[in-house]
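If you read the sequence shown in the numbering used here, its first letter stands for residue 1, the second for the next number, and so on.
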Amino acid sequence: MTGEDIIIISQKELRRLHVIQKVLEGIIKQVEAAKILSLSRRQIRRIVKRVRSQGSRGIIHRSRGRPSNRRVSPKTGERVITLSRTQYKDIEGLQWLIQAIKDPQTISWTERMRIRPQDTTELLHKVAKGGQRERKKALILLGRMWGISINTLCLIFSTSLKTVRRDWKKFNDMGAEGLSRRRPGPAPKAEDETIKSAVFSMIHSPPCEHKINRTSWKFEDICRCLSQQGVHVSKNLISKVIKKAGYKWRKAKTVLTSNDPKYREKLNRIKSILSTLGENDRFCSIDEFGPFAIKMKGGKRLVGPNEYPQVPQFQKSKGWLIVTAALELSQNQVTHFYSKAKNTTEMIKLLDVLLERYRGCDKLYFSWDAASWHASKALYKKVKSVNLSDYRAEAQTPVVELAPLPKSAQFLNVIESVFSGMARAIIHNSDYQSVEEAVTAIDRYFQERNEHFLNHPKKAGKTIWGSEIVVSEFAESNNCKDAKRR
1 MTGEDIIIIS QKELRRLHVI QKVLEGIIKQ VEAAKILSLS RRQIRRIVKR
51 VRSQGSRGII HRSRGRPSNR RVSPKTGERV ITLSRTQYKD IEGLQWLIQA
101 IKDPQTISWT ERMRIRPQDT TELLHKVAKG GQRERKKALI LLGRMWGISI
151 NTLCLIFSTS LKTVRRDWKK FNDMGAEGLS RRRPGPAPKA EDETIKSAVF
201 SMIHSPPCEH KINRTSWKFE DICRCLSQQG VHVSKNLISK VIKKAGYKWR
251 KAKTVLTSND PKYREKLNRI KSILSTLGEN DRFCSIDEFG PFAIKMKGGK
301 RLVGPNEYPQ VPQFQKSKGW LIVTAALELS QNQVTHFYSK AKNTTEMIKL
351 LDVLLERYRG CDKLYFSWDA ASWHASKALY KKVKSVNLSD YRAEAQTPVV
401 ELAPLPKSAQ FLNVIESVFS GMARAIIHNS DYQSVEEAVT AIDRYFQERN
451 EHFLNHPKKA GKTIWGSEIV VSEFAESNNC KDAKRR
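The structure is reproduced here in structure tokens:
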């Protein structure tokens with residue numbers, strides 16, 4: 001065997017060669033080889049191609065024998081040598097620094113380094129393995145620990161005095177680990193609650209309210225109207241705020257904008273009611289969830305390795321449900337039952353349930369969206385009858401007042417957020433075997449939620465209802481309906 005036939009490979013490369021040979025022999029596939037070697041399929045294809053054309057030599061890393069990409073540039077080394085020979089008297093310290101650049105593990109430690117062995121070891125590690133920025137900082141600090149003056153280090157590494165002093169102070173205060181900590185910058189504008197609130201409040205209102213003769217918003221109009229209110233935003237920022245809320249602009253300008261000409265009037269009335277709500281008054285946000293089929297549902301879930309959950313596209317439904325519910329805002333309590341349809345009869349039934357539950361209160365406010373069965377003659381007749389003084393005196397029920405939301409303003413209905421939290425917690429990723437099993441899960445969810453908020457009226461906690469997308473309070477900028485989950 002000639003000298004040219006001898007190939008020196010590492011243990012790691014030998015293992016790779018063994019696996020690649022199996023691929024070439026057809027024993028395993030390239031996908032399996034990628035998993036075994038923890039490489040991408042693209043890289044496996046490249047290695048297979050090289051081994052097929054070059055033989056065993058193709059497994060050798062092509063960077064072998066080449067200068068390292070992490071090496072200190074020759075310019076820096078030459079500059080250190082030049083400066084050490086011409087301008088600086090601290091020849092011994094500079095020679096030590098050159099040795100630190102060439103081989104950090106062979107340098108001698110000073111007394112100051114021995115006092116801080118852990119930090120010195122970390123700095124030497126950064127010189128050997130760190131990025132360009134980390135190596136530069138580590139070399140400057142090692143030079144200071146040796147005793148090289150700050151001015152000399154500034155000239156060698158082309159760094160300002162302010163930067164060296166700042167890093168030296170940070171090193172003395174927090175050690176070597178403190179060098180990698182960066183000062184946190186300002187929060188992105190798209191996450192600023194003031195800007196988000198202003199943007200969504202503007203989008204929710206109809207353009208005609210701002211003297212714009214359009215039925216939908218344009219970016220330019222929103223920017224101009226917000227600017228008049230003292231909030232200066234760009235088109236790009238508005239787009240980011242909307243995207244973070246889970247919407248695209250084409251959908252947002254349709255589903256997040258009310259077309260009610262009395263939008264501001266109705267909104268101000270609800271705000272006025274909530275701002276003057278008495279201790280013995282109750283304000284209920286009302287809506288229906290469903291109908292939804294009882295079958296296997298998809299969604300995000302935690303799975304083990306090599307597990308791929310599947311949800312059949314076509315399934316036979318085990319039944320269906322409609323949840324009719326009311327969220328009382330002052331105590332954060334949900335009252336619910338199950339309906340067979342969405343109609344006036346169910347609304348009258350809900351009214352009776354709430355009158356019984358809040359017997360003894362002074363006023364009971366009903367707030368709901370503009371669905372037809374929420375504003376029927378039969379419902380108005382029922383409200384008028386329960387507000388009669390004779391009926392109230394006998395039944396001890398509160399006065400019922402209606403505070404409807406503006407048209408196409410489901411995003412302001414607070415109970416939508418509760419429904420989204422419920423769907424996220426117990427509907428998505430579910431596989432209930434019967435309607436009764438689903439009913440039990442929903443009942444338990446609302447029971448635990450009500451108990452929690454009775455015991456912790458000001459603190460939501462981190463239980464499953466903490467996933468509700470907005471807090472249970474009315475606000476003009478609310479997006480209570482989750483764009484991703486409902």
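Virtual Cβ for every residue (Gly too), placed ideally from N, Cα, C. Please read these numbers as outputs of a predicted model, since none were measured by experiment.
Please report how far the alpha carbon of residue 13 lies from the alpha carbon of residue 46, in whole angstroms. By 1-based counting over the sequence shown, the position of residue 13 is 13. By 1-based counting over the sequence shown, the position of residue 46 is 46. In a straight line, the C-alpha of residue 13 is about 15 Å away from that of residue 46.
Compare the C-alpha of residue 498 against each of 391, 410, 18, 435 and name the closest. The question about residue 498 has no answer here: the residues shown for the chain are numbered 1 through 486.
Would you mind stating whether residue 575 and residue 94 have Cβ atoms separated by less than 8 Å? Residue 575 lies beyond the stretch modelled for the chain, which goes from 1 to 486, so this question has no answer here.
Using the three-state DSSP reduction, which class does residue 13 fall into: helix, strand or coil? If you number the sequence shown from 1, residue 13 lands on position 13. Looking at residue 13 - three-state DSSP - the assignment turns out to be helix.
In this structure, does DSSP put residue 284 in helix, strand or coil? Residue numbering aside, residue 284 sits at position 284 when the sequence shown is read from its first letter. Reduced to three states, the DSSP call for residue 284 is strand.
Would you mind working out which of 336, 175, 101 sits nearest residue 509, comparing C-alpha positions? The shown model of the chain, from 1 to 486, leaves out residue 509, and the question about it has no answer.
Assumed close pair residue 418, residue 327 - CB separation to whole angstroms, cut-off 8 Å: Along the sequence shown, read from residue 1 onward, the residue named residue 418 stands at position 418. Along the sequence shown, read from residue 1 onward, the residue named residue 327 stands at position 327. Indeed they touch by this definition, with Cβ atoms about 6 Å apart.
For the beta strand (DSSP E) containing residue 326, list its first residue and its last residue. Your numbering for residue 326 matches position 326 in the sequence shown. Residue 326 -> beta strand (DSSP E) spans 320-328.
Completely contained alpha helix (DSSP H) runs for the segment 290-372, where each covers 4 or more residues: 344-357
Entirely enclosed beta strand (DSSP E) segments - the segment 243-285, minimum 3 residues: none
Have a look at residue 130 and residue 108 and give me their C-alpha separation to the nearest angstrom. To locate residue 130, count along the sequence shown from 1; it is residue 130. To locate residue 108, count along the sequence shown from 1; it is residue 108. Between residue 130 and residue 108, the C-alpha separation is close to 21 Å.
Per-residue burial, residue 67 [other beta carbons within 10 Å of its own, 16 or more giving buried]: Within the sequence shown, numbered from 1, the residue matching residue 67 stands at position 67. Label assigned to residue 67: exposed.
Identify every residue that forms a DSSP beta bridge with residue 402. Within the sequence shown, numbered from 1, the residue matching residue 402 stands at position 402. BP columns for residue 402 point to 366.
Per-residue burial, residue 410 [other beta carbons within 10 Å of its own, 16 or more giving buried]: Working through the sequence shown from its first residue, we reach residue 410 at position 410. Per the 10 Å Cβ criterion, buried.
Of the residues 16, 387, 338, 210, which one's Cα is nearest the Cα of residue 438? Within the sequence shown, the letter at position 438 stands for residue 438. For the residues 16, 387, 338, 210, the minimum Cα distance to residue 438 belongs to 338.
If you draw a straight line from the alpha carbon of residue 30 to that of residue 51, how long is it in whole angstroms? As a position in the sequence shown, residue 30 is number 30, starting the count at 1. As a position in the sequence shown, residue 51 is number 51, starting the count at 1. For residue 30 and residue 51, the distance between alpha carbons rounds to 14 Å.
Measure the alpha-carbon distance for residue 9 versus residue 37 and round it to whole angstroms. Here residue 9 corresponds to residue number 9 of the sequence shown, with the count starting at 1. Here residue 37 corresponds to residue number 37 of the sequence shown, with the count starting at 1. Those two C-alpha atoms are separated by around 16 Å.
By a C-beta neighbour count over all protein chains shown, 10 Å radius and 16 as the cutoff for buried, is residue 17 buried or exposed? Reading the sequence shown from its first residue, position 17 is the one you call residue 17. Buried: at least 16 other Cβ atoms inside 10 Å.
Any idea what DSSP makes of residue 218, helix, strand or coil? Against the sequence shown, residue 218 aligns to sequence position 218. If DSSP states are grouped into helix, strand and coil, residue 218 belongs with coil.
Note down, one range per segment and in chain order, each alpha helix (DSSP H) of at least 4 residues found wholly within the segment 117-181. 117-129, 132-146, 150-157, 161-174
Mind checking residue 311: buried by the 16 CB within 10 Å criterion, or exposed? Stepping through the sequence shown from its first residue, residue 311 is reached at position 311. Classification of residue 311: exposed, given that the 10 Å Cβ count is below 16.
Hey, residue 226 and residue 202 are a contact pair by Cβ (cut 8 Å); roughly how many whole angstroms apart? Along the sequence shown, one-based indexing puts residue 226 at 226. Along the sequence shown, one-based indexing puts residue 202 at 202. About 6 Å separates the two Cβ atoms, so the contact holds.
So for residue 383, helix, strand or coil by DSSP? Within the sequence shown, the letter at position 383 stands for residue 383. Correct three-state label for residue 383: helix.
Compute the beta-carbon to beta-carbon distance between residue 294 and residue 432, rounded to the nearest angstrom, for a pair I have assumed lies under 8 Å. Along the sequence shown, read from residue 1 onward, the residue named residue 294 stands at position 294. Along the sequence shown, read from residue 1 onward, the residue named residue 432 stands at position 432. The pair is a contact, with the Cβ atoms about 5 Å apart (cut-off 8 Å).
Based on Cα-Cα distance, which residue from 307, 389, 137 lies nearest to residue 161? Translated into the one-based positions of the sequence shown, residue 161 becomes position 161. Per the Cα distances, 137.
Measure the CB-CB distance between residue 297 and residue 237 and report whether it falls below 8 Å. Looking up residue 297 in the sequence shown gives position 297. Looking up residue 237 in the sequence shown gives position 237. No, the pair does not count as a contact, with Cβ atoms beyond the cut-off.
Does DSSP put residue 374 in a helix, in a strand, or in coil? Numbered from 1 along the sequence shown, position 374 holds the residue referred to as residue 374. Here residue 374 sits in helix by DSSP.
Count the other C-beta atoms from every protein chain shown that fall within 10 angstroms of the C-beta of residue 288, then say buried if there are 16 or more, exposed otherwise. The count along the sequence shown starts at 1 and reaches residue 288 at position 288. Residue 288 should be labelled buried.
How close, in whole Å, do the beta carbons of residue 361 and residue 280 come, if the pair is a contact with beta carbons under 8 Å? Residue numbering aside, residue 361 sits at position 361 when the sequence shown is read from its first letter. Residue numbering aside, residue 280 sits at position 280 when the sequence shown is read from its first letter. With a Cβ gap of about 5 Å, residue 361 and residue 280 count as contacting.
When burial is assigned at 16 or more other CB atoms within 10 Å of the CB, is residue 303 buried or exposed? Position 303 of the sequence shown holds residue 303. Exposed is the call here.
Through-space distance from residue 33 to residue 53, alpha-carbon basis: Residue mapping note: residue 53 aligns to position 53 of the sequence shown, counting from 1. Residue mapping note: residue 33 aligns to position 33 of the sequence shown, counting from 1. Approximately 19 Å between the Cα atoms of the pair.
If I follow the unbroken alpha helix (DSSP H) through residue 211, where does it start and stop? The residue you call residue 211 lines up with position 211 of the sequence shown. Per DSSP, residue 211 belongs to no alpha helix (DSSP H) and is neither H nor E.
Could you check whether residue 344 and residue 379 sit closer than 8 Å to each other, using their CB atoms as the reference points? On the sequence shown, position 379 is the one that residue 379 refers to. On the sequence shown, position 344 is the one that residue 344 refers to. Yes, the pair counts as a contact, with Cβ atoms nearer than the cut-off.
Find the nearest neighbour of residue 381 within the set 355, 348, 412, 358, judged by alpha-carbon distance. Counting from 1 along the sequence shown, the entry for residue 381 is found at position 381. It is 348 whose Cα lies nearest to the Cα of residue 381.
With DSSP run on the structure shown, which of helix, strand or coil describes residue 431? As a working mapping, residue 431 is identified with position 431 in the sequence shown. Correct three-state label for residue 431: coil.
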